[in-house]
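Right, one structure below, let's go through it.
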Amino acid sequence: ERKQATELSEVIRVARADVKKATAPLTSAAIHRKLTRLVGKQSLAKLDYIEFFDSKSLEPAKRVSRGTHLALAVSFGATRLIDNGRL
């Protein structure tokens with residue numbers, strides 16, 4: 137469980153890299169699908185949620201660009217981890 141749990145930081149790193157190299161805002165649906173596939177590669181991982189939001193208003197973001205925040209929760213066996221980061 138512990139080894140697979142490091143995947144949360146990798147998910148945030150991948151999202152940041154995608155946003156950084158994008159020339160226009162990404163759709164939250166497209167990046168959500170990519171990150172869901174990434175989490176799904178871990179045998180013990182059970183995704184609870186991935187959300188993109190504006191840090192000031194806390195409103196959900198339909199478009200993801202620099203400054204958008206990402207929050208996610210994933211269970212690994214009996215352990216549920218929550219993380220977030222600015223993209």
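Under the numbering used here, think of the first position of the sequence shown as 137, with each following residue one higher.
Even glycine gets a Cβ: it sits at the ideal position worked out from N, Cα and C.
Report the partner residues of residue i according to the DSSP bridge assignment.
{"i": "G221", "result": "L206"}
{"i": "K156", "result": "K156 pairs with nothing; no bridge assigned."}
{"i": "K177", "result": "Bridge partners of K177: none, in fact."}
{"i": "T215", "result": "F212"}
{"i": "V200", "result": "L162"}
Hey, how far is the Cα of residue i from the Cα of residue j?
{"i": "A160", "j": "K177", "result": "28 Å"}
{"i": "L223", "j": "L194", "result": "15 Å"}
{"i": "R149", "j": "P196", "result": "20 Å"}
Relative to the C-alpha of residue i, which residue among the options is closest?
{"i": "L174", "options": "V210, K198 and R199", "result": "V210"}
{"i": "F212", "options": "L223, L194, K182 and S201", "result": "K182"}
{"i": "R169", "options": "L223, L180, E187 and S193", "result": "E187"}
Using beta-carbon positions only, say whether residue i and residue j come within less than 8 Å of one another.
{"i": "F189", "j": "A207", "result": "yes"}
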